[in-house]
Amino acid sequence: MTSIPAPTARATPVVLPVSKAVLWLASTVITALALYYFIGVDQGAISVFGNDMHIHEFVHDARHFLGFPCH
Amino acid sequence: MERKLLLRGVLVGALAGLLAFVFARIFAEPQIQTAIDYETGRDAAKAALDKAAGLPAGLAGPDIFSRAIQANLGAGVGMIFFGVAVGALFVVAYAVCLGRVGNLRPRALALLVAAGGFLAVYLVPFVKYPANPPAIGNPDTVKDRGGLYLLMVLCSVVFLVAAVWLGQRLRERFGNWNASVLAGATFVVAIGIVMAILPSLGHLAGNEQQSGNHTTETPLALTNAGGTIVYPGFPADVLFDFRLYSVAAQLILWATIGLVFAPLADRLLKAQSGMVEPERLRC
Ligand SMILES: [Zn+2]
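Chains as they are written, first to last, in our numbering: chain A, 1 to 71; chain B, 1001 to 1283.
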């Protein structure tokens, strides 16, 4: 972290007001986590579509390659 | 403002996923195919042994998509959507950090957040539970393995966030350098304790009865009743290459996110801060 060039004299100007942006942040995080879940986990360890294996089989190689546990 | 950042993050994430996929398609797919061929041969050898011993045949996995679709379309779609997902999470982390973690320039911050994502989301969990090609992994333990892997990801992300927060708290007292070193050391110790506590995959309940005291699920040589090897263990070079390429692909993915997002965010933030007051930046 400290190997980055010395900080500038002026502070980074923008502070996102978290209190106001909570809805935006939360919906982005939830959508992204859902995507992460369907690519990496669903129809493997747990499954929201029962025994169906279409998603698992389709993204199968990506799942192995991205480091998720598979078969 | 957030929406503009998010749009850029998602597009950069998709690009990063695409580049990582191109790399994977060229370098990793041959390893995956070798692993699948190994698995097919091993299953056949196992079936022959089971038949000789009078045991019922095991069930084959489903073949919904052809290998060509899995290797090209499926892997591509999977990696691009993975890039979109981590790109969106990256923007959230970036937006929250902006102006809150010291006087970092927007570009330097983008590189740091991307480096943090690479570490916390992928590399640290990989140290405990590395990526495996097909053929490695007992189907009976996939629930445990999935849970343990996600627990590792969760711990490393939470600990990294906590370490950044700790670094900020210590900065006043110890200075930038020492605070960063202390926070980094705390992260290493905390995640090291978690790694020491979590079980090795070979020691999961389903595996110890099957293959004895063996720390991983990597298939050992298959022997017949007389102890003669009838099928070799998983080839070590294939395993190493697969893991090396897996790390390299994630490095490409996160480096692309950091390096491409940095100038985009820089330009956007400069344009915004020149036009409106900081507290009116939301749009
Ligand atoms: Zn698999």
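Using N, Cα and C, we set each Cβ at its ideal position, and we do this for glycine too.
Just so it is clear, the structure is predicted and the values come from calculations on it, not from any experiment.
Between which two residues does the beta strand (DSSP E) harbouring residue i extend?
i, result
"isoleucine 1229/B", "1229 to 1231"
Take residue i as the anchor and find which of the options has the nearest alpha-carbon.
i, options, result
"aspartate 61/A", "Ala1248/B, Val1092/B, Phe1090/B, Ala1028/B", "Ala1028/B"
"proline 1199/B", "Gln1070/B, Tyr1149/B, Pro1134/B, Ala1071/B", "Tyr1149/B"
"proline 1235/B", "Ser1180/B, Ala1179/B, Ala1052/B, Leu1220/B", "Leu1220/B"
"glycine 67/A", "Ile1036/B, Asp1144/B, Asn1132/B, Leu1160/B", "Asn1132/B"
"valine 1153/B", "Gly1137/B, Asn1138/B, Val1121/B", "Val1121/B"
"isoleucine 1026/B", "Asp1050/B, Ala1248/B, Arg1042/B", "Ala1248/B"
"tyrosine 1094/B", "Leu1109/B, Phe1082/B, Phe1081/B", "Leu1109/B"
"alanine 1135/B", "Asp1266/B, Leu1019/B, Ala1044/B, Ala1024/B", "Ala1044/B"
"serine 1180/B", "Leu1160/B, Cys1155/B, Ala1024/B, Ala1114/B", "Leu1160/B"
"alanine 1024/B", "Leu1073/B, Val1188/B, Ile1064/B", "Leu1073/B"
"alanine 1052/B", "Asn1224/B, Ala1115/B, Ala1085/B", "Asn1224/B"
"serine 1156/B", "Gly1146/B, Leu1182/B, Met1195/B, Phe1174/B", "Met1195/B"
"phenylalanine 58/A", "Thr1040/B, Lys1046/B, Met1079/B, Gly1054/B", "Met1079/B"
"aspartate 1241/B", "Gly1227/B, Asp1266/B, Lys1143/B, Pro1130/B", "Pro1130/B"
"glutamate 1310/B", "Val1022/B, Arg1169/B, Pro1139/B", "No statement about residue 1310/B is possible, as the shown extent of chain B runs from 1001 to 1283 and does not include it."
"glutamine 1250/B", "Ala1020/B, Lys1004/B, Asn1213/B, Leu1007/B", "Ala1020/B"
"glycine 1041/B", "Pro1232/B, Ser1273/B, Thr1218/B", "Pro1232/B"
"arginine 1243/B", "Lys1270/B, Ala1271/B, Leu1123/B, Leu1055/B", "Leu1123/B"
"threonine 1315/B", "Ala1014/B, Arg1067/B, Leu1089/B, Asn1176/B", "One cannot answer for residue 1315/B here, as it falls past the ends of chain B, which runs 1001 to 1283."
"serine 27/A", "Glu1002/B, Ala1271/B, His1214/B, Gly1102/B", "Glu1002/B"
"leucine 16/A", "Ile1069/B, Phe1174/B, Arg1100/B, Arg1107/B", "Arg1100/B"
"leucine 1007/B", "Asp1237/B, Leu1089/B, Ile1064/B", "Leu1089/B"
"isoleucine 1064/B", "Arg63/A, His54/A, His71/A", "His54/A"
"arginine 1145/B", "Gly50/A, Asn51/A, His56/A, Ile46/A", "Ile46/A"
According to DSSP, which residues form a beta bridge with residue i?
i, result
"aspartate 42/A", "Ile46/A"
"threonine 1034/B", "Answer by DSSP bridge pairing: none, since threonine 1034/B is not bridged."
"threonine 1215/B", "DSSP lists no partner for threonine 1215/B."
"leucine 1222/B", "Tyr1231/B"
To the nearest whole angstrom, what separates the beta carbons of residue i and residue j, a pair I think is in contact under 8 Å?
i, j, result
"isoleucine 1257/B", "glycine 1087/B", "6 Å"
"valine 1091/B", "glycine 1009/B", "3 Å"
"leucine 23/A", "alanine 1085/B", "Not confirmed; about 19 Å, so no contact."
"tryptophan 1254/B", "alanine 1047/B", "About 42 Å separates the two Cβ atoms, so there is no contact after all."
"valine 1230/B", "leucine 1222/B", "5 Å"
"histidine 1214/B", "glycine 1202/B", "4 Å"
"valine 1012/B", "phenylalanine 1261/B", "5 Å"
"histidine 64/A", "glutamine 43/A", "Contact doesn't hold; Cβ gap of about 14 Å is too wide."
"isoleucine 39/A", "phenylalanine 1082/B", "5 Å"
"leucine 1170/B", "alanine 1183/B", "7 Å"
"leucine 1015/B", "alanine 1265/B", "About 15 Å; that fails the 8 Å criterion."
"proline 1263/B", "arginine 1107/B", "7 Å"
The alpha helix (DSSP H) that contains residue i, what's its start and end?
i, result
"valine 1086/B", "1075 to 1097"
"alanine 1020/B", "1002 to 1027"
"cysteine 1155/B", "1142 to 1197"
"valine 1113/B", "1106 to 1117"
"arginine 63/A", "60 to 65"
"proline 1125/B", "1124 to 1128"
Give a single yes or no on whether residue i has its beta carbon closer than 7 Å to a heavy atom of ligand 2.
i, result
"histidine 60/A", "Although ligand 2 was asked about, the structure shown includes only ligand 1 as ligands."
> Listed from N- to C-terminal order along the chain, which residues in the segment 1089 to 1103 of chain B have their beta-carbon within a distance smaller than 8 Å of any beta-carbon of chain A?
Replying inline: Within the segment 1089 to 1103 of chain B, those residues whose Cβ lies closer than 8 Å to any Cβ of chain A are, in chain order, Leu1089, Val1091, Val1092, Ala1095, Val1096, Leu1098, Gly1099, Arg1100, Gly1102, Asn1103.
>> To be precise: take each residue of the segment 1051 to 1084 of chain B, compare its Cβ to all Cβ atoms of chain A, and keep it if any distance is under 7 Å. Which residues remain?
In response: Within the segment 1051 to 1084 of chain B, those residues whose Cβ lies closer than 7 Å to any Cβ of chain A are, in chain order, Gly1061, Pro1062, Ile1064, Phe1065, Gln1070, Ala1071, Gly1074, Ala1075, Val1077, Gly1078, Met1079, Phe1081, Phe1082, Val1084.
> If you measure beta-carbon to beta-carbon, which residues of the segment 19 to 33 of chain A are closer than 8 Å to chain B?
Replying inline: Lys20, Ala21, Trp24, Leu25, Thr28, Val29, Thr31, Ala32, Leu33
> What are the residues of the segment 1186 to 1206 of chain B that lie near chain C, defined by any Cβ-Cβ distance shorter than 7 Å?
Replying inline: No chain C appears in this structure, whose protein chains are A and B.
> Which residues, in chain order, does the segment 1231 to 1256 of chain B contribute to contact with chain A at a C-beta distance below 7 Å?
Replying inline: Ser1246, Ala1249
> Closer than 8 Å, Cβ to any Cβ of chain A: which residues of the segment 1167 to 1178 of chain B, in chain order?
Replying inline: Gly1167, Asn1176, Trp1177
> Mind listing which residues of the segment 52 to 63 of chain A have their C-beta closer than 8 Å to chain B's C-betas, in chain order?
Replying inline: Met53, His54, Glu57, Phe58, Val59, His60, Asp61, Ala62, Arg63
> Along the segment 1119 to 1131 of chain B, what residues have a CB closer than 8 Å to any CB found in chain A?
Replying inline: Tyr1122, Pro1125, Phe1126, Tyr1129, Pro1130, Ala1131
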